[in-house]
Every structure is written in C-alpha cells, then in structure tokens.
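K.L.:
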Amino acid sequence: MKISEILCSDNIRIGLGGTTKNSVIEELVELIPRVQHDKKIRESIVKAIIAREKLCSTGIGEGVAIPHAKMDIPGSIDLVFGMTPHGIEFEAIDNKPVYILFLLLAGK
C-alpha cells in the first residue's frame, strides 16, 4: 500500500485550530472520509484514540505525533495529516510541543 493511496488533499489540514491534544485529535478525526457523516462513529474513534494516548503518548519527538487506534469498523486503514502553527502539549518523549500529526485508523 502506498501513502498516496490513503492520503489525499481532503484529509490534510494545515493550520489546525485545536489548542489541546484532545481537540486536535477531534479535529483530525473529522477529516477521515469514511466517517465524516457519522457523528457516533467519529465520537467512538476519538474515545479510542484518547484511550490509547492514556496508555502511552504517541508524541515521538522532534514535534511529531502519530495518534492511532484499531477499531472494529469496516475498512482497512485511514491516514490523516495535520499541522499546527502554535504547537500542542502532547506529552512527547522529548517534552517538546507537537506541530506535525499523522492520525492512523485501522479497521479490524
């Protein structure tokens, strides 16, 4: 699978407006094409990703985070990309703010 097969301009947002980890995750989940019109599924995805973040932050350092979840929903994999100009506290391993986010959703 190529990144170009799952990442297109519709699921990229430069200039994320969220100011917290949770609000940025919510904003990114809204960009997932297959769940844009289903608020209930979007909410369950956000909860799953936040639960995963509570286990261990996906802030990998150098201003990058890769929040992700695996859910029992149809489909294979979704990738969403976002950037924030102001940096988000993400409990990254280097304790630096996150500016670049790749959100991954995998179906079972």
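Heads up: the sequence shown begins at 1 in the UniProt record's numbering, then just goes up one per residue.
A virtual CB, placed ideally from N, CA and C, is assigned to each residue, including glycine.
1. Buried or exposed: which applies to Glu27, given that a residue is buried once 16 or more other Cβ atoms fall within 10 Å of its Cβ?
2. Give me the DSSP bridge partner(s) of Arg13.
3. Rounded to the nearest angstrom, what separates Met71 and His86 at their Cα positions?
4. Go through the UniProt domain "PTS EIIA type-2" (5-108) residue by residue and report every complete run of the alpha helix (DSSP H) that reaches 4 residues or more, in order.
5. Would you kindly work out how many angstroms separate the C-alpha atoms of Glu89 and Gly75, rounded to a whole number?
P.N.:
Based on what the coordinates show:
1. Position 27 of the sequence shown holds residue 27. Counting Cβ neighbours within 10 Å, Glu27 comes out buried, since at least 16 surround it.
2. Position 13 of the sequence shown, counted from the first residue, corresponds to residue 13. Per DSSP, Gly82.
3. Counted from its first residue, the sequence shown places residue 71 at position 71. Counted from its first residue, the sequence shown places residue 86 at position 86. Cα to Cα, the separation comes out at about 30 Å.
4. 21-29 and 39-55
5. Within the sequence shown, residue 89 is the residue found at index 89, counting from 1. Within the sequence shown, residue 75 is the residue found at index 75, counting from 1. Going from the Cα of Glu89 to the Cα of Gly75 covers about 31 Å.
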